[in-house]
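Data block below; observations after.
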Amino acid sequence: MCGIWASVGISVDSAVIDLVAHRGPDGCGWKVFPGPLGPVTLAHRRLAIIDTSVHAAQPMCDAGGRYWIVYNGEVYNYRELRSELETLGRRFATQSDTEVILAAYAEWGETCLDRFVGMFAFVLYDSQMQRIFAARDRFAIKPLYYMVRGDGLAFASEIKQLLRVPGFVPRMNLPRLYDFLSTGITDHTAETTFADVRQLRNGECLTADLHTFRWTDPLPVRRWYRLPQSGTIECSADEAARRFRELLTDSVRLHLRSDVPVGSCLSGGLDSSAIVSLIDRQFRLDGSQAAVNTVSACYEERAVDERPFMRAVNAATRSAPHYVFPKPEDAFGRAEQITWHQDEPYGSTSIFAQWCVFEEAKRQEIKVMLDGQGADEQLAGYHGGFGYHLASLLRSGRWMALARTMWERRQFHGVALRQQIRALVGPILPGRLAGLLARSRQTLVEHDWLASGRFRGDAFPANPFGAMLRAEGLGPIRDIGDLCVAMTQATNLPMLLHYEDRNSMAHSVEARVPFLDHRLVEFSIGLGARHKIVGGTTKFVLRQAMAGVMPDVVCQRRDKIGFATPELEWFRGPLRRSLEVAVEDVLSGYPGLLNTGGTRLLVKEMLDGSRPIDFRLWRIVNVGIWGRVFNVNL
1 MCGIWASVGI SVDSAVIDLV AHRGPDGCGW KVFPGPLGPV TLAHRRLAII DTSVHAAQPM
61 CDAGGRYWIV YNGEVYNYRE LRSELETLGR RFATQSDTEV ILAAYAEWGE TCLDRFVGMF
121 AFVLYDSQMQ RIFAARDRFA IKPLYYMVRG DGLAFASEIK QLLRVPGFVP RMNLPRLYDF
181 LSTGITDHTA ETTFADVRQL RNGECLTADL HTFRWTDPLP VRRWYRLPQS GTIECSADEA
241 ARRFRELLTD SVRLHLRSDV PVGSCLSGGL DSSAIVSLID RQFRLDGSQA AVNTVSACYE
301 ERAVDERPFM RAVNAATRSA PHYVFPKPED AFGRAEQITW HQDEPYGSTS IFAQWCVFEE
361 AKRQEIKVML DGQGADEQLA GYHGGFGYHL ASLLRSGRWM ALARTMWERR QFHGVALRQQ
421 IRALVGPILP GRLAGLLARS RQTLVEHDWL ASGRFRGDAF PANPFGAMLR AEGLGPIRDI
481 GDLCVAMTQA TNLPMLLHYE DRNSMAHSVE ARVPFLDHRL VEFSIGLGAR HKIVGGTTKF
541 VLRQAMAGVM PDVVCQRRDK IGFATPELEW FRGPLRRSLE VAVEDVLSGY PGLLNTGGTR
601 LLVKEMLDGS RPIDFRLWRI VNVGIWGRVF NVNL
């Protein structure tokens with residue numbers, strides 16, 4: 001895990017890589033080549049994880065000196081690829097996965113990407129042919145941003161690096177800021193909340209011949225990976241559970257490859273509990289006596305405290321547990337620091353809680369942390385998706401299954417029948433009527449505070465979710481399969497991975513996500529809804545796969561808290577005055593961005609208790625913090 005910089009035709013100083021020293025405190029490298037379009041600069045900050053020797057430093061070149069690379073991430077199957085490449089005559093001077101990527105590209109060209117199991121973002125320079133090849137992993141686990149400036153191009157791990165390009169002035173990208181304010185979603189397009197700063201998206205790559213290429217904005221990228229169609233795998237429940245367990249177990253095995261200490265986040269939920277249980281199992285199979293270092297965020301407020309489940313997992317495994325207690329005053333007090341690391345506005349104080357977990361990991365000198373990110377998206381783990389499932393049952397005439405699901409949702413999750421009926425209406429309506437329903441909800445819920453002159457026109461659709469899906473070529477969501485693809489590819493996962501990357505790297509900790517081994521994701525996406533939701537129970541195949549592996553009290557739990565903080569108590573209690581002041585700062589600092597009267601009314605009703613508190617409150621506040629931290633112009 002590292003920080004990278006690559007540029008063509010732009011003269012920069014070392015600040016562009018020093019800004020991300022937190023991503024790589026173990027070393028720094030810098031290399032400049034003459035090129036037909038001006039200097040080609042490669043720079044790297046190193047977090048040494050695999051082959052910690054100086055021989056694995058970057059920028060790195062292949063044995064022939066032709067190919068150079070700056071790379072961030074891990075290719076977990078590097079040992080197997082290395083063996084294959086050695087049979088083809090390739091020789092290696094290090095034990096690093098970086099050198100394997102170079103050899104794989106030299107041997108197989110751009111198709112080498114299909115062979116990698118892992119997370120990666122890299123820029124590779126062919127010094128002989130004067131060609132640049134940049135690529136990002138299948139699910140956007142590792143970041144790669146870019147900026148076109150006249151005849152120059154720059155790539156970077158974090159946006160703040162690109163802000164140092166000479167002559168660049170940070171400005172708000174209002175359509176993407178609207179998406180964030182209205183839905184809370186970022187990272188669903190190549191654009192960012194900064195105008196003129198873009199990213200290679202999940203599964204995208206770029207090839208540029210420096211003799212003939214002319215930079216355009218956006219760049220002509222190629223999508224080298226797409227998720228398969230959902231619901232194409234036919235198998236029994238037992239076979240699905242067996243195969244899922246095999247794939248997840250093998251993924252955890254690969255994700256444990258490291259030359260430094262490895263631990264795991266543990267929230268007490270299904271996903272992180274499964275990871276911790278499988279790490280312990282793998283340690284035992286390997287004959288290791290090591291304990292699994294777990295780090296958990298806890299609260300005194302019972303509604304969001306999951307310590308009983310954390311303790312059950314820690315007791316059932318050889319664990320060394322570490323607990324942190326995020327404080328409300330720090331959620332606000334550290335917001336500027338977290339925002340600086342995140343680069344863009346973040347949607348809730350749960351990001352602060354995650355920050356605290358990785359901060360504790362660093363304190364405990366755990367350099368690699370596994371996490372359960374990605375399971376909810378591929379397995380329909382969010383309760384908000386039940387409407388699509390109910391609609392599918394209704395359309396297919398499965399009346400008994402529909403009745404059972406609705407009864408269990410009411411009995412075990414407290415979801416009223418009226419709420420469930422309302423949730424299934426949208427998915428069963430014809431497309432135009434569904435759009436009208438979405439627009440009417442938008443008007444009732446959002447319009448009063450977003451109705452400013454800044455957010456008018458075709459760039460600010462009444463139904464942002466629909467626009468996001470159309471941009472991805474996904475079409476309307478009709479069932480759970482469509483929902484899983486949309487959340488994995490566009491609307492949820494890329495954003496959550498952004499948060500996790502910045503929070504972990506802020507503390508020089510590498511976060512790894514075993515649920516995002518592409519072999520497992522493809523299998524999960526391929527499974528039909530009956531393997532994911534049974535009655536009112538989500539992630540059914542995961543529960544079946546982990547039966548007997550992790551404690552029953554966790555495996556069979558029906559509630560889902562999510563990685564949440566006690567925002568209601570915090571916002572209406574110790575943080576109330578700070579929030580009120582922060583909202584006024586946004587309104588005065590960016591006049592005309594939001595509807596002043598509508599925003600004040602929304603905030604007042606939330607804090608007074610006449611309206612439920614939701615994430616919009618923090619979004620408003622954090623946009624102001626973000627604008628101040630990066631001196632962003634409207």
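Just so you know, we're using UniProt numbering here: the sequence shown kicks off at 1 and counts up by one. For each residue, glycine too, the CB sits at the ideal point set by N, CA and C.
Using only alpha-carbon positions, find the residue among the options that is nearest to residue i.
i	options	result
P25	T183, V357, L163, R45	R45
D209	F283, F352, F133	F133
T207	D217, R164, Y125	Y125
Y78	G64, F120, Q58	F120
T52	G152, F213, D259	D259
L424	F412, T405, R318	T405
V586	G29, G627, R572, G609	G627
T294	P461, V368, V415	V368
Q128	L219, R223, H211	H211
V581	I620, S452, N314, D280	I620
N595	T537, R456, A471	R456
A135	G150, L162, I101	I101
V20	T537, N503, V553, G573	N503
E360	T488, G609, S277, C298	C298
V553	I233, A312, K142	A312
Pull up the distance between the alpha-carbon of residue i and that of residue j, whole angstroms please.
i	j	result
T443	R611	Because the pLDDT at T443 is just 39, under 50, the model does not fix this residue reliably, and the point stays unresolved.
A486	T599	30 Å
R198	G385	30 Å
C205	E377	24 Å
L617	A303	20 Å
G231	C484	10 Å
S96	L393	50 Å
A15	N631	18 Å
T565	F244	31 Å
A380	I185	18 Å
R131	E567	50 Å
T87	F465	49 Å
K160	G535	47 Å
A451	N622	19 Å
S588	F194	20 Å
G374	A511	13 Å
A316	R422	41 Å
Y76	V521	16 Å
Q420	F412	14 Å
Y105	D13	29 Å
A56	R82	15 Å
K362	V262	11 Å
residue 648	E80	It is not possible to answer for residue 648, since the shown part of the chain is limited to 1 through 634.
E99	C555	41 Å
Residues in its own chain within less than 7 Å of residue i by CB, not counting five upstream and five downstream?
i	result
P514	L248, S251, V252, H255, I275, L370
H531	A237, A240, F540, V541
Y225	R138, G203
P59	G29, K31, L42, H44, W68, I69, V70
Assuming residue i and residue j are in contact, meaning their beta carbons sit under 8 Å apart, how far apart are those beta carbons, in whole angstroms?
i	j	result
N72	S7	Going by Cβ atoms, the distance from N72 to S7 rounds to 16 Å, so no, they are not a contact pair.
A140	R214	Not a contact, Cβ separation roughly 27 Å.
L219	V148	7 Å
G38	G152	7 Å
G592	R454	6 Å
Any C-beta of chain D sitting closer than 7 Å to the C-beta of residue i?
i	result
T599	Here there is only one protein chain, and chain D is not present.
Leaving aside the five residues before and after residue i along the sequence, list all residues of the same chain whose C-beta is less than 8 Å from its C-beta, in chain order.
i	result
R23	M1, C2, G3, R45, L47, N72, S157, E158, M505, S508
L469	G475, P476, I477, A486, A490, T491
V445	Only weak support exists for where V445 lies, its pLDDT of 39 falling under 50; the value from the coordinates is given anyway. Same-chain partners within the cutoff: there are none.
E84	none
Spatial neighbours of residue i within its chain, please: CB distance less than 6 Å, with the 5 preceding and 5 following residues excluded, ordered by chain position.
i	result
S272	C265, L266, G372
V629	E336, T339, W340
S578	F332
R171	A195, N633
D217	V148
- Query: Between the segment 328-346 and the segment 535-551, are three or more C-beta pairs nearer than 8 Å?
  - Reply: no
- Message: So, does the segment 27-45 touch the segment 67-74, judging by three or more C-beta pairs under 8 Å?
- Response: yes
- Query: Contact between the segment 179-186 and the segment 107-115: three or more CB pairs below 8 Å?
  - Reply: no
- Tell me, please, whether the segment 475-482 touches the segment 385-405 by the rule of three or more beta-carbon pairs shorter than 8 Å. yes
- Task: Check whether the segment 313-325 touches the segment 339-346, counting contact only when three or more Cβ pairs, one atom from each stretch, lie closer than 8 Å.
- Result: no
- Query: Would you say the segment 157-174 touches the segment 515-526, given that touching needs at least three Cβ pairs under 8 Å?
  - Reply: no
- Query: On the three-pair Cβ rule with 8 Å, is the segment 350-357 touching the segment 495-504?
  - Reply: yes
- Is the segment 284-297 close to the segment 545-560, with three or more CB pairs under 8 Å? no
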